[in-house]
Each structure stands twice: as structure tokens, then as C-alpha cells.
Amino acid sequence: MFLKELGFTAVVEGIIKKCQEQVCPLVGHNMMYDILYLFDQFVMPLPDNFVEFSKEWNKRFPHTYDTKVLSLKADYFGKTALGKVYEKCMFDKRIKDILKFKYDLKNGFVNYENSTTETSYHEAAFDSTMTGYAFAKILKYK
135 MFLKELGFTA VVEGIIKKCQ EQVCPLVGHN MMYDILYLFD QFVMPLPDNF VEFSKEWNKR
195 FPHTYDTKVL SLKADYFGKT ALGKVYEKCM FDKRIKDILK FKYDLKNGFV NYENSTTETS
255 YHEAAFDSTM TGYAFAKILK YK
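Residue numbers for the sequence shown follow our numbering, so the first one is 135 and each next one is one higher.
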């Protein structure tokens, strides 16, 4: 019963433990508010200043990457909205062929293969797909 009541806190604690045992990248796009909320709700109350927060966060998640920051620092993407970064990674001649992705089509995962429709933007699974895709392409590009 107690574990059931812990809910998502147990998930966060499991992720923290795994990230301390091995390299475990945490990747998001424009994720500052997300990590502040996650920390405050599931780890501990926010420290009084950003320096202390950074120390505490990095103890738990030392490999945190924000694709908005990475695309900004790459000095090639211009606009850093997730959809714009994703589209540049998909179609720009300098980036599109540096890394190929294959989707598990035989098991029915066909929704996002070669998808660029704006109707899928802000759908959680598609935003995660775009973020992971952009992360891999940006790292390979730089």
C-alpha cells in the first residue's frame, strides 16, 4: 500500500538511482521549468538560489541536455522552437543525412515515420520523438 501511495516519487527515485550507477542522459526541450517542477515536487524543496539548485540537480542528474540550448549554441538553427529545430534536422542538406533512424514498423509503430505534420506537434509522444531526433542530430552535427 505504501509503495502505491508513493506513486511517481518512486519512479523519480528509481531514475536518480540509475543515473548515479551509470551514464543516464536526461534530454528535453526548453525544459527549465520542467526540471524545477520535478525537483520541487519529487526530490526536495527548491533551494534559495540557482547555484545551490544546480549543485543538487547535478548530483542527481549529471547528464542533462536541453535541445533548445544545444540548438542555440550550435549557431546554425536560427529559430529554436522544437518544431523548427526538428524540421531543420529533417530537411536541411547539412544535417538530414548525418544520421538515419528506423521505426519499428512491423509492430505497428507507424504514426511518426517521416512525419512533419504540425497537427502532431504538442502531442506528448511526438514531442518526445522530435526531441530525441533533434538531440541525436545536433550531437552528430557538432
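Quick reminder that beta carbons are idealized off the backbone N, C-alpha and C, glycines included.
Separation of residue j from residue i, as counted between CA atoms
i	j	result
Tyr210	Gly162	19 Å
Ile229	Asn241	28 Å
Ala144	Tyr171	16 Å
Met224	Val203	19 Å
Pro318	Pro159	Residue coverage of the chain in this structure runs from 135 to 276, which leaves residue 318 outside it and unanswerable.
Thr263	Met178	29 Å
Pro181	Tyr220	34 Å
Leu206	Lys151	31 Å
C-beta atoms of residue i and residue j nearer than 8 Å
i	j	result
Phe269	Tyr199	yes
Ile232	Tyr267	no
Thr201	Thr265	yes
Phe176	Val146	yes
Gly212	Tyr255	no
DSSP state of residue i mapped onto helix, strand, coil
i	result
Leu160	strand
Thr201	helix
Phe187	helix
Ala215	coil
Leu234	Just to set this straight, residue 234 is Lys in the shown sequence, not Leu. DSSP places Lys234 in coil when its eight states are reduced to three.
Leu172	helix
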